[in-house]
Ligand SMILES: Nc1ncnc2c1ncn2[C@@H]1O[C@H](COP(=O)(O)OP(=O)(O)O)[C@@H](O)[C@H]1O
Ligand SMILES: [Mg+2]
């Protein structure tokens, strides 16, 4: 069996880690020979997921964020972003474009962007336990 | 966060730089609102030429600038948007709310 490459990151929910997390995932994805557009989409989706942990999951304290990436067969990048924060009571409502519980510095477009930039997107959450975002992006094979 | 701005014939140009994410968005939102309030321009131009990355926090920056300009019955224009920011603006429908000049280079 072929051993698939993976990496796991763990860091506190400081906003300075937003840039670190999206750059680290982009660096890991670079071995899959992505196009600039694919790399941009991956960076954006990771930025959204990690920012949500920082802003919403741990609103009043620092908590741990875990990012796990795997390379699957058929050139698929599998990304899981996980927190142990407040959780989401109504998942359908949270995913709605422009829905936000944040202030005027939030746009409510995070999940909409993750959904449209990734090949697949799954959100699971339990109030009081935490939230997990599972995304996959299939990369074009370049001739 | 780093930005420069200048006023000419009632046109306020604000040149943004670098990566716009949640980490710096609040500062941008407040600084742009402050400039618009101070100069009450007819047109505010947000120049994205040196912006290499935006996420949905960048959408909030644009929407807040749009709100400030509507309050003084002025117009908001975006210029110099690179490919990645343009994809984010399109996905959010912002490109239908504000005028965009010299898109995707
Ligand atoms: N990791 C999370 N933990 C708790 N709540 C979350 C999390 N991610 C998202 N949410 C909730 O879902 C809403 C929508 O998220 P999103 O689409 O990214 O928009 P925004 O971040 O601009 O509010 C948030 O306002 C918040 O209420
Ligand atoms: Mg968000």
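Protein chains in written order, with this note's numbering: chain A, 360 to 502; chain B, 141 to 245.
Cβ atoms here follow ideal geometry from the backbone N, Cα and C, with glycine treated the same way.
It should be emphasised that the depicted structure is a prediction, and the values quoted were computed from it without experimental measurement.
query	result
Where does the unbroken alpha helix (DSSP H) through residue 166 of chain B begin, and where does it stop?	162 to 179
Please find out if some non-hydrogen atom of ligand 2 comes closer than 7 Å to the beta-carbon of residue 411 of chain A.	yes
For ligand 2, is there a heavy atom less than 7 Å away from the beta-carbon of residue 479 of chain A?	no
When the cut-off is 8 Å and only beta carbons count, does residue 402 of chain A lie next to chain B?	yes
Would you kindly check if the distance between the Cβ of residue 172 of chain B and the Cβ of residue 205 of chain B is under 8 Å?	yes
For residue 392 of chain A, which of A:468, A:379, A:434 and A:409 has the nearest alpha-carbon?	A:434
Output yes if chain A places a C-beta closer than 8 Å to the C-beta of residue 173 of chain B; else output no.	no
Tell whether a beta-carbon distance below 8 Å holds between residue 404 of chain A and residue 477 of chain A.	yes
Ligand 1 and residue 458 of chain A: does any heavy atom of the ligand fall closer than 7 Å to the residue's C-beta?	yes
Helix, strand or coil for residue 420 of chain A, going by three-state DSSP, please let me know.	coil
I'd like to know whether the C-beta of residue 498 of chain A is nearer than 8 Å to at least one C-beta of chain B.	no
What did DSSP end up calling residue 402 of chain A once you bin it into helix, strand or coil?	helix
8 Å is my cut-off, CB to CB: does residue 163 of chain B come that close to chain A?	yes
Contact check, residue 222 of chain B vs residue 180 of chain B under 8 Å by CB: the rounded distance?	At roughly 30 Å, the Cβ-Cβ gap does not stay under 8 Å, so residue 222 of chain B and residue 180 of chain B are not in contact.
Is the closest heavy atom of ligand 1 to the C-beta of residue 362 of chain A under 7 Å?	no
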